[in-house]
Amino acid sequence: MRLITAKRALSLLAILAAVPACRGGGTDDSGGSGGSGGGGNVSGLQCPNPGTLPFSTESSSFENADSADTESLERVKDSASDILGNPGGKYAYTTMPVEDAPLDAPYVFEGQKARTVVTTGLSFTGFSEEYVSFWVEDGSSWKNLGRQKTDTDGNYSFSLSDFVGGQPPRIGYAILEGDGSCTAHYSFLLERGANVIVTDIDGTLTSSDEELTKQIGDGNYDPQENQSASVMMNRWAKKGYQVVYLTARPHFFRAETRAWMIEHGFPEGPMITANQLVFGDSARTYKRTWVNRIADSFGWTVTAAYGNAGSDIDAYEDAGIPKDITFIIGENAGQSGTVAIQGNDYTAHITEFVDAQPDAN
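Under the working numbering, think of the first position of the sequence shown as 69, with each following residue one higher.
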């Protein structure tokens, strides 16, 4: 099923061009892993195309003839939610509605299996009523925790609790059984008091808000990052800080966003996306809610917050993030008492601030 018509796609593209990339929104330096911090993007399966799977699924062919046509579309639009919260305590999944409160187990993993052509990231075709199974690596073996059919748009949702130790491992995989492709679901369960870094993406990690618009129109386009953005985030991760990516991008850009972050070597972290296109006041509310979940519901300590838009400044202020650890880049740099990142370049900030911070607890 075509999820977004050409007319709606063009309308949304016009909105994105007029409103800087859903405002609310270098060089490589691989970070280590350990403690509560994230590391490099390392996983047991290389998604979306892992090759021969190390386990056998119940089926290995598509249920519907139309799915072969969908598979022939070259641009992957799979999406997969992440989990963040406390071990054995409250958690949130990154696609949950803003108005919902953090949850107790079981753990919800939502996603979509879809494809499109290289020339557009707005309209796409979901794998309709095809089997998806959820797998985790358990020591030296693999375990299947659930199996279901997608809906007509390619969506799936698992509610799972059968994990070793009662909580999910860092990575679980949703396998589209018809072609053996996979999508990684990440879990970040950190104790209260864990040190985290919160960052926007568009215009904060990327060189401008318009980079997303270029990527939407051309799946081969590689958005430019602000100077030393990935170096900075890896430096934080190497010190043991968990990076949390809080973007106003809608869920249907998760595939492009995750792929870009991996390609540019950003450390693993929960990638929080919006249920709809948000900007201005709606972006402020959305981001404030998530920062409150992080700081209040999970008890994590925000050591630094990065953004570029007025709604970033407002959301961080609303959530009680001190201005002296709120770092703003771009045309709003230094506004409202925040700390300015000058020249779209984090190099000096790394030396002057990041390197001066102690290792995370």
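No residue lacks a Cβ here, since even glycine has one placed at the ideal position from N, Cα and C. In this text, all values refer to a predicted model and were calculated from it rather than measured experimentally.
Helix, strand or coil at residue i according to DSSP, with G and I counted as helix
| i | result |
| --- | --- |
| residue 298 | helix |
| residue 113 | coil |
| residue 31 | Only positions 69 to 429 of the chain appear in the structure, and residue 31 is not among them; the question remains open. |
| residue 232 | helix |
| residue 137 | helix |
| residue 416 | helix |
| residue 276 | coil |
| residue 422 | helix |
| residue 305 | helix |
| residue 262 | coil |
| residue 396 | strand |
| residue 227 | strand |
| residue 153 | strand |
| residue 267 | strand |
| residue 120 | coil |
| residue 292 | coil |
| residue 160 | strand |
| residue 389 | coil |
| residue 193 | strand |
| residue 145 | coil |
| residue 281 | helix |
| residue 209 | strand |
| residue 428 | coil |
| residue 287 | coil |
Distance between residue j and residue i (C-alpha atoms, nearest Å)
| i | j | result |
| --- | --- | --- |
| residue 155 | residue 271 | 33 angstroms |
| residue 190 | residue 426 | 43 angstroms |
| residue 306 | residue 150 | 21 angstroms |
| residue 167 | residue 160 | 12 angstroms |
| residue 26 | residue 253 | Because the chain in this structure spans residues 69 to 429, residue 26 falls outside the shown range and cannot be described. |
| residue 130 | residue 203 | 19 angstroms |
| residue 361 | residue 133 | 44 angstroms |
| residue 287 | residue 345 | 20 angstroms |
| residue 211 | residue 121 | 13 angstroms |
| residue 177 | residue 136 | 26 angstroms |
| residue 180 | residue 325 | 15 angstroms |
| residue 51 | residue 400 | The structure shown does not extend to residue 51, since the chain is modelled only from 69 through 429, so no value can be given for it. |
| residue 308 | residue 263 | 8 angstroms |
| residue 419 | residue 408 | 15 angstroms |
| residue 207 | residue 148 | 23 angstroms |
| residue 111 | residue 239 | In this prediction, residue 111 has a pLDDT of 49, which is less than 50 and means its spatial position is unreliable; what the coordinates show is noted afterwards. Their Cα atoms are separated by approximately 7 angstroms. |
| residue 413 | residue 127 | 50 angstroms |
| residue 257 | residue 334 | 19 angstroms |
| residue 103 | residue 372 | Caution applies to residue 103, whose pLDDT of 33 falls short of 50 and renders its modelled position unreliable; the model cannot decide the point. |
| residue 350 | residue 209 | 45 angstroms |
| residue 197 | residue 296 | 43 angstroms |
| residue 415 | residue 332 | 16 angstroms |
| residue 328 | residue 290 | 7 angstroms |
| residue 320 | residue 233 | 32 angstroms |
| residue 363 | residue 235 | 21 angstroms |
| residue 421 | residue 216 | 48 angstroms |
| residue 116 | residue 339 | 17 angstroms |
| residue 277 | residue 114 | 29 angstroms |
Where the alpha helix (DSSP H) through residue i begins and ends
| i | result |
| --- | --- |
| residue 164 | Segment: none, residue 164 is in no alpha helix (DSSP H) and carries neither H nor E. |
| residue 360 | 349-360 |
| residue 451 | There is no way to answer for residue 451, as the model of the chain reaches only from 69 to 429. |
| residue 222 | Careful: residue 222 lies outside any alpha helix (DSSP H) and carries neither H nor E. |
| residue 379 | 378-386 |
CA nearest to the CA of residue i, picked from the options
| i | options | result |
| --- | --- | --- |
| residue 439 | 125, 195, 114, 126 | Residue 439 is absent from the model: the chain starts at 69 and stops at 429. |
| residue 118 | 242, 341, 297 | 242 |
| residue 411 | 157, 179, 293 | 293 |
| residue 192 | 308, 152, 285 | 285 |
| residue 368 | 235, 265, 282, 116 | 265 |
| residue 214 | 413, 302, 230, 319 | 230 |
| residue 403 | 113, 329, 375, 366 | 375 |
| residue 311 | 275, 417, 303, 337 | 337 |
| residue 405 | 200, 395, 429 | 395 |
| residue 342 | 333, 328, 332, 322 | 322 |
| residue 124 | 304, 244, 319, 397 | 244 |
| residue 398 | 162, 282, 380 | 380 |
| residue 423 | 301, 366, 169, 377 | 301 |
Span of the beta strand (DSSP E), counted from its first residue to its last, around residue i
| i | result |
| --- | --- |
| residue 340 | 339-342 |
| residue 206 | 199-206 |
| residue 178 | 175-180 |
| residue 319 | No beta strand (DSSP E) holds residue 319; DSSP gives it neither H nor E. |
| residue 375 | 369-375 |
| residue 256 | 249-257 |
| residue 242 | 239-244 |
The ligand ZN heavy atom lying under 7 angstroms from the CB of residue i
| i | result |
| --- | --- |
| residue 293 | Summarising the ligand content, the structure contains no ligands, and the ligand ZN is consequently not present. |
Interface flag, residue i vs chain B, CB-CB below 8 angstroms
| i | result |
| --- | --- |
| residue 333 | The chain labelled as chain B is not found in the depicted structure, where only one protein chain is given. |
Exercise for the section: Tell me, please, whether the segment 389-403 touches the segment 350-357 by the rule of three or more beta-carbon pairs shorter than 8 angstroms. Expected result: Judged by Cβ distances under 8 angstroms, the segment 389-403 makes no contact with the segment 350-357, as fewer than three pairs qualify.
Exercise for the section: Please determine if the segment 179-190 and the segment 142-153 are in contact, where contact requires at least 3 C-beta pairs separated by less than 8 angstroms. Expected result: As far as the Cβ criterion goes, the segment 179-190 touches the segment 142-153, which means the pair count is three or higher.
Practice task
Mind the definition here: the segment 247-254 touches the segment 207-223 only if three or more C-beta pairs lie below 8 angstroms; say whether that holds.
Solution key: No, they do not touch.
Practice task
Could you tell me whether the segment 255-270 touches the segment 310-319, where touching means 3 or more Cβ pairs closer than 8 angstroms?
Solution key: The answer is yes - the segment 310-319 touches the segment 255-270, with three or more Cβ pairs under 8 angstroms.
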